[in-house]
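Enquirer:
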Amino acid sequence: MFKSPQHTRSGFPRIEALGYVSDGETCLLAEGGDIHWMCLPEMDGPSVFSGLLGGAGHFFVGLNDGARPVAQRNVSRSLGIETTWETPAGGRLVVTDVLVMVPGSGARRTLVRLARCTKGQVQVTADLKMVFDYGREPAKWDRSVARSRDGLEVRLTTDLRRRGVFSGDGLKERRTLQQGDGAFISLAWGDDAPPKNYQEAERLVKETATYWRSWLDSGDLPDHEFGDLIARSALVLRGLCNPSGAIAAAATTSLPETPGGVRNWDYRYFWGRDGAMTAMALFEYGFREPADRLVRFLERLPEEDVQIMYGLRGQTRLVEETLTHLSGYEGAAPVHIGNGAYNQVQNDIWGQLLELIYKTQRGRLTARTWRLVVRLVQGALKAWGQPDRGIWEVRGVPRRFTSSELYLWVALDRGSKLAEDRGDTDRAREWAKAAQEIRKEILEGVGEDGVFTASAGSPELDASCLLIPLLGFLPGDDWRVRKTVHAIAEGLEYKGMLRRYNAEEYGDGLPGEEMAFVITAFWLVESFIAIGEVGRAEVLFRKVTGYVGPLGLLAEEIDPGSDAESDAESTGWRQYGNQVQAFSHLGLLKAARALIKAGRS
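Start counting the sequence shown at 1; every next residue gets the next number (full-length UniProt numbering).
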């Protein structure tokens, strides 16, 4: 579906209107023929097109003279974007954008933009201005090759120019196409040769579609009303999976969680929590490889203290910097690269990673994976009773968050079961006993009303307590679970959706409130099912998925707009926060699966 208008009053593309293309190493975000964000050589590297954050660099292919595209869609069952343009005289141009994936070999480190005239006559325009290092180093082209100061080499090939290679600061070309004609422009930054002509470019576009469709076919996707949503979210998540095994939390940095706000963070890294949840969500639909690759990645990490996050190639230092030369999305500064949370204490990490291993590797643990299990359980035992920053990475005062304690219980519970599987009875007994003691502490921290809160004895509601039934800590028919679900559904409600907490009460160390947090609404869907309120779960699921962007994307947060009782089409809703958010899409996958298992729709 194509919706208008696609731009804000300040001229920025609406976050929900962006399209997403990935090859697992890097990705791009585009709208209306423009590439607004792309990093090279990998997703967590410096950007070469930074318009999404008010910076330099652009890459436009389409029609000029004030024309706007009349349709934009995803390539069916693939990671590619098709944009259709029409002229007043009836000419039609279709531009297809892909990051090339080849069956049997994977990423080619090549961007192909293919333009085809499908009706009448059009004059296609290409306008390329590449700026390395987040808009600080203008690319200088020499015989169609640009080199950055840090050694990145990008090669351009195209048939839009009839004069062969080019030099200079950028490329601007126009060419008239008749019906049936085509043209291409390509950027390549790897060892593989870029396409030399239209026929080669077209073949790579087709091979990319074949790759992604074959990947979808390797899973176990349901033939269901929610099937298209599920397939698109699966593709989106697979696009965040780096060949190293790491999984990025999102594709962007510093898209604001509130309009013009300061809650702007760099999510282009691997968080153990987000990555583990992503791999498990894909595993539930039959996609085993992301989980297996992630476990191998974890096994290769240094054996000293486990961090809560790493770079996509395992980098351990992710020092947070501010890019003052970038104005930010709609003026929302600061713009960050790196993330100061990399050295935070977050005690859920132990249970997150052990849940991953338990769910996806049980019955086939290698000796190396078992050593990882022992190390993670030992880390959980050391963390037990210690305050932390919690699942929401608060920058306020540390405390013993309920969800962190919950995941410490998960760590010891899953660890004991894995030890029992291996016949290690001493460890199984020791870890099971510790799990029971943690469980006892958590239950003792519940108030007389039976509602689990952010931490023992605190009044603040926390949507992460919805994980209590989802992780099997208590069954859905336990009165405390029902009380907690209802309290969160009512107390954190925001325009028909759900906040993760009330920021002013919670003390997260940052100014301002937040919008509705997407994954927590999906947790609430699952929790409603757990307590037997399946009809209510389905209503909420349909509401949340009504805010999916026209090209199938979900950012971190949603402002449902002016009227919570209306549908998404009529409320002036917006998405906020980093786009292509793993948390949001994995939440959709899990909630959809729970509804299907409950027999709804």
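Just so it is clear, CB atoms sit at the ideal spot from N, CA and C, and this is done for glycine as well.
Taking 6 Å as the limit between beta carbons, can you name the residues of its chain near ARG427, skipping five residues before and five after?
Expert: On the sequence shown, residue 427 is found 427 positions in, with the first residue counted as 1. ALA419, listed in sequence order.
Enquirer: Could you please give the first and the last residue of the uninterrupted beta strand (DSSP E) stretch that includes TRP37?
Expert: Start at 1 with the first residue of the sequence shown, and residue 37 comes out as number 37. Note, TRP37: beta strand (DSSP E), 34–39.
Enquirer: Can you say whether TRP409 is buried or exposed, counting buried as having 16 or more other CB atoms within 10 angstroms of its CB?
Expert: Numbered from 1 along the sequence shown, position 409 holds the residue referred to as residue 409. TRP409 comes out buried.
Enquirer: I'd like to know whether the C-beta atoms of LEU326 and GLY51 end up nearer to each other than 8 Å.
Expert: Taking the first residue of the sequence shown as position 1, residue 326 is located at position 326. Taking the first residue of the sequence shown as position 1, residue 51 is located at position 51. It is not a contact, given that the beta carbons lie outside the stated cut-off.
Enquirer: Here's the rule: buried if 16 or more other CB atoms are within 10 angstroms of the residue's CB, otherwise exposed. What is LYS590?
Expert: The count along the sequence shown starts at 1 and reaches residue 590 at position 590. Answer is buried; the Cβ neighbour count reaches 16.
Enquirer: Take GLU321 and list the residues in its own chain whose beta-carbon comes closer than 6 Å to its own, dropping the five residues that flank it on each side.
Expert: Locating residue 321 in the sequence shown gives position 321, where the first residue counts as 1. Once the five neighbours on either side are set aside, the close Cβ partners of GLU321 are ILE337 and GLY338.
Enquirer: Specify the secondary structure class of ASP274 as computed by DSSP and reduced to three states.
Expert: For the purposes of this step, residue 274 is taken as the residue at position 274 of the sequence shown. If DSSP states are grouped into helix, strand and coil, ASP274 belongs with the helices.
Enquirer: Look up PRO259 in the DSSP assignment and give the residues it is bridged to.
Expert: Counting from 1 along the sequence shown, the entry for residue 259 is found at position 259. According to DSSP, which records beta bridges pairwise, PRO259 is partnered with nothing at all.
Enquirer: Which residue spans inside the segment 152–210 form an unbroken beta strand (DSSP E) run of at least 3?
Expert: 153–158, 171–178 and 182–188
Enquirer: Could you check the C-alpha separation between GLU137 and ALA146 for me, to the nearest Å?
Expert: Reading the sequence shown from its first residue, position 137 is the one you call residue 137. Reading the sequence shown from its first residue, position 146 is the one you call residue 146. GLU137 and ALA146 have their C-alpha atoms some 11 Å from each other.
Enquirer: For ASP220, would you say it is in contact with chain C, using Cβ-to-Cβ distances shorter than 8 Å as the test?
Expert: Among the chains in the structure shown there is no chain C, since it carries only a single protein chain.
Enquirer: Between the Cα of PRO259 and the Cα atoms of GLN344, ALA248 and PHE12, which residue gives the shortest distance?
Expert: The sequence position of residue 259 within the sequence shown is 259, counting from 1. Ranking the options by Cα distance to PRO259, first place goes to PHE12.
Enquirer: Starting from the N-terminal side, write out each stretch of the beta strand (DSSP E) that is 3 residues or longer and does not extend beyond the segment 529–566.
Expert: 557–559
Enquirer: Suppose the cutoff is 8 Å on Cβ atoms and the five residues either side in sequence are ignored; what does the same chain contact list for VAL394 look like?
Expert: Here residue 394 refers to the residue found at position 394 when the sequence shown is read from its first residue. Excluding residues within five positions, the ones whose Cβ falls inside 8 Å are TYR506, GLY507, ASP508 and GLY509.
Enquirer: How would you call ASN64, buried or exposed, if buried means at least 16 neighbouring beta carbons within 10 angstroms?
Expert: Counted from its first residue, the sequence shown places residue 64 at position 64. Exposed.
Enquirer: For THR26 and ASP44, what's the separation of their Cα atoms in angstroms?
Expert: As a working note, residue 26 is residue 26 in the sequence shown. As a working note, residue 44 is residue 44 in the sequence shown. Straight-line Cα distance between these residues: approximately 8 Å.
Enquirer: Roughly how many angstroms separate the alpha carbons of ALA568 and ILE230, rounded to a whole number?
Expert: Walking along the sequence shown from the start, residue 568 turns up at place 568. Walking along the sequence shown from the start, residue 230 turns up at place 230. The predicted model places ALA568 with a pLDDT of 49, which falls under 50 and marks its position as unreliable; any figure quoted below should be read in that light. One C-alpha to the other measures close to 19 Å.
Enquirer: Can you tell which of ARG149, GLU304, ALA17 and LYS417 has the C-alpha that lies nearest to the C-alpha of TYR358?
Expert: Here residue 358 corresponds to residue number 358 of the sequence shown, with the count starting at 1. The candidate whose alpha carbon is nearest that of TYR358 is LYS417.
Enquirer: Buried or exposed: which applies to PRO469, given that a residue is buried once 16 or more other Cβ atoms fall within 10 Å of its Cβ?
Expert: Position 469 of the sequence shown holds residue 469. With 16 or more other Cβ atoms within 10 Å, it is buried.
Enquirer: So for MET515, helix, strand or coil by DSSP?
Expert: The sequence position of residue 515 within the sequence shown is 515, counting from 1. If DSSP states are grouped into helix, strand and coil, MET515 belongs with coil.
Enquirer: Are the CB atoms of LYS119 and GLY57 within a distance shorter than 8 Å?
Expert: Residue mapping note: residue 57 aligns to position 57 of the sequence shown, counting from 1. Residue mapping note: residue 119 aligns to position 119 of the sequence shown, counting from 1. Not in contact: GLY57 and LYS119 (Cβ atoms no closer than 8 Å).
Enquirer: Could you compute how far the alpha carbon of SER144 sits from the alpha carbon of GLU504?
Expert: Translated into the one-based positions of the sequence shown, residue 144 becomes position 144. Translated into the one-based positions of the sequence shown, residue 504 becomes position 504. The alpha-carbon of SER144 is positioned some 54 Å away from that of GLU504.
Enquirer: Count the other CB atoms within 10 Å of the CB of GLY572; is the residue buried (16 or more) or exposed (fewer)?
Expert: The residue given as residue 572 occupies position 572 in the sequence shown. Exposed: under 16 other Cβ atoms inside 10 Å.
Enquirer: Can you tell which of PHE226, GLN199, GLU153 and ARG232 has the C-alpha that lies nearest to the C-alpha of TRP215?
Expert: Taking the first residue of the sequence shown as 1, we reach residue 215 at position 215. If we check each option's Cα against that of TRP215, ARG232 comes out closest.
Enquirer: Count Cβ pairs between the segment 250–259 and the segment 295–306 that sit closer than 8 Å; are there 3 or more?
Expert: no
Enquirer: Is LEU312 closer than 8 Å to LEU282 when the C-beta atoms are compared?
Expert: Your numbering for residue 282 matches position 282 in the sequence shown. Your numbering for residue 312 matches position 312 in the sequence shown. Contact: no.
Enquirer: Start and end of the alpha helix (DSSP H) containing PHE401?
Expert: Taking the sequence shown and counting its residues from 1, one reaches residue 401 at position 401. Per DSSP, PHE401 belongs to no alpha helix (DSSP H) and is neither H nor E.
Enquirer: Taking the alpha-carbon positions, what's the GLU207 to ASN74 distance?
Expert: Numbered from its first residue, the sequence shown carries residue 207 at position 207. Numbered from its first residue, the sequence shown carries residue 74 at position 74. Looking at the two C-alpha atoms, the distance is approximately 16 Å.
Enquirer: What did DSSP end up calling THR84 once you bin it into helix, strand or coil?
Expert: Numbered from its first residue, the sequence shown carries residue 84 at position 84. Strand.
Enquirer: Could you tell me how far apart the beta carbons of ASP220 and GLY275 are, in whole angstroms, since I believe they sit closer than 8 Å?
Expert: Position 220 of the sequence shown, counting from 1, holds the residue named residue 220. Position 275 of the sequence shown, counting from 1, holds the residue named residue 275. So it is not a contact: roughly 21 Å between Cβ atoms.
Enquirer: Leaving aside the five residues before and after MET1 along the sequence, list all residues of the same chain whose C-beta is less than 6 Å from its C-beta, in chain order.
Expert: Numbered from its first residue, the sequence shown carries residue 1 at position 1. Only weak support exists for where MET1 lies, its pLDDT of 33 falling under 50; the value from the coordinates is given anyway. Cβ neighbours of MET1 beyond the five flanking positions: PRO550.
Enquirer: Taking buried to mean at least 16 other C-beta atoms within 10 Å of its own C-beta, is ASP23 buried or exposed?
Expert: Taking the first residue of the sequence shown as position 1, residue 23 is located at position 23. So ASP23 ends up on the buried side.
Enquirer: Give me, in chain order, the residues of the same chain whose beta-carbon lies closer than 8 Å to that of GLU202; leave out the 5 immediate sequence neighbours on both sides.
Expert: As a position in the sequence shown, residue 202 is number 202, starting the count at 1. Excluding positions up to five away in sequence, the list reads LEU114, GLY182 and PHE184.
Enquirer: My output table needs one value for MET280: the three-state DSSP class, helix, strand or coil.
Expert: By one-based count along the sequence shown, residue 280 stands at place 280. DSSP, read as helix, strand or coil, puts MET280 in helix.
Enquirer: By Cβ distance, which residues of its chain are closer than 6 Å to GLU16, with the 5 residues on each side in sequence left out?
Expert: Taking the first residue of the sequence shown as position 1, residue 16 is located at position 16. Cβ within range, chain order: GLY549 and GLN575.
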